[in-house]
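To start, the structure under review is shown below, and the notes come after it.
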């Protein structure tokens, strides 16, 4: 069976995306290109590997990237060359970091990542303990703020935490200065993922817009 000669990819290859994602993740991360640039493997500092390739597109209108680690697969819906190298690499980097944190025994990693995503959007967040758990708090102005948490149901109690070990969903809630819930701005029925982190950051920009003094 013959194979086409390996050459420059136009406009870029999946291997380029993996390499750029590894650079985004940090100096201790690296990547190895697959054959003909149609895949790439990102190596974490602790030796874990994440394969980046085209995902199952049978139910999608255009090709989608996916990231694999062992049996864990994350499909980046409708991600294609039209989205640009930097955007795709950033998306892959965030996805890999989420997968990497999910495998870590450190319970604060998911919340740490969410805070990092918010920071990338120019937002500063903190963790804050409450009677029913802990939240990530995104402060606004005029006293309003957003609380972000996962939720679990141990027995009959609905508890919230920013990185529960077993969760049924993640929720972002807009609150008044006294803590009264105004409305839920975003809710995910699954664990913390890239879409939730990005969507929460974008929605927060709408419900809690930065003032000129707060803007980066």
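Numbering (the UniProt record's numbering), first residue to last: 1 to 216.
From the three backbone atoms N, C-alpha and C, an ideal C-beta is built for every residue, glycine too.
Within its own chain, the residues whose Cβ lies closer than 8 Å to the Cβ of residue 85, once the five positions on either side in sequence are excluded, are 11, 12, 16, 17, 20, listed in chain order.
In the displayed model, residue 90 falls within a helix according to three-state DSSP.
The DSSP assignment places 14-25 as complete runs of the alpha helix (DSSP H) inside the segment 12-46, in order along the chain (cut-off: 4 residues). Closest by C-alpha distance to residue 142, out of 179, 50, 171, is 179.
Per DSSP, residue 121 lies in no beta strand (DSSP E) segment and is marked neither H nor E.
Exposed is the label assigned to residue 38, since fewer than 16 other Cβ atoms lie within 10 Å of its Cβ. Distance from the CA atom of residue 69 to the CA atom of residue 99, rounded to whole angstroms, is 8 Å. The beta-carbon separation of residue 136 and residue 127, rounded to 6 Å, stays under the 8 Å limit for a contact. Residue 35 and residue 183 have their alpha carbons spaced roughly 49 Å apart. Here residue 177 carries a coil assignment [DSSP, helix/strand/coil]. Around the Cβ of residue 176, a 10 Å sphere holds fewer than 16 other Cβ atoms; the residue is exposed.
The alpha-carbon separation between residue 33 and residue 43 amounts to approximately 11 Å. Counting only residues of its own chain and dropping the five nearest sequence neighbours on each side, residue 174 has a CB closer than 7 Å to the CB of 144, 146, 182, 183, 185, 207.
Looking at the DSSP output, residue 73 shares a beta bridge with 68. Note on residue 26: under 16 other CB atoms within 10 angstroms of its CB, so exposed under the neighbour-count rule.
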